[in-house]
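Heads up: the structure comes next, in structure tokens.
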Amino acid sequence: VSSYGSLNFEEKDGKITLRAKKSKLETSEVIGVLEILQPFDGDLVP
Numbered sequence: 021v022s023s024y025g026s027l028n029f030e031e032k033d034g035k036i037t038l039r040a041k042k043s044k045l046e047t048s049e050v051i052g053v054l055e056i057l058q059p060f061d062g063d064l065v066p
């Protein structure tokens, strides 16, 4: 972070999808695929 000086954050619309394939009631685990789509390649905009 120090190499950029100060950082600016942009808010943009994205999409988060969770597809549950299996669950374990005894441990409250959910097994599946988490997919996050964002409109740009990086999380931070210098």
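So the sequence shown is numbered by the numbering used here: it starts at 21 and just counts up by one.
Backbone N, C-alpha and C define an ideal beta-carbon position, used for all residues, glycine too.
From a predicted model like this one, the values you see are computed outputs, not experimental measurements.
Residue state for S26 is assigned as coil, using DSSP reduced to three classes.
Distance check between L54 and each of E46, S26, K35 places K35 closest, using alpha-carbon atoms only. C-alpha of K42 to C-alpha of E49: approximately 8 angstroms in a straight line.
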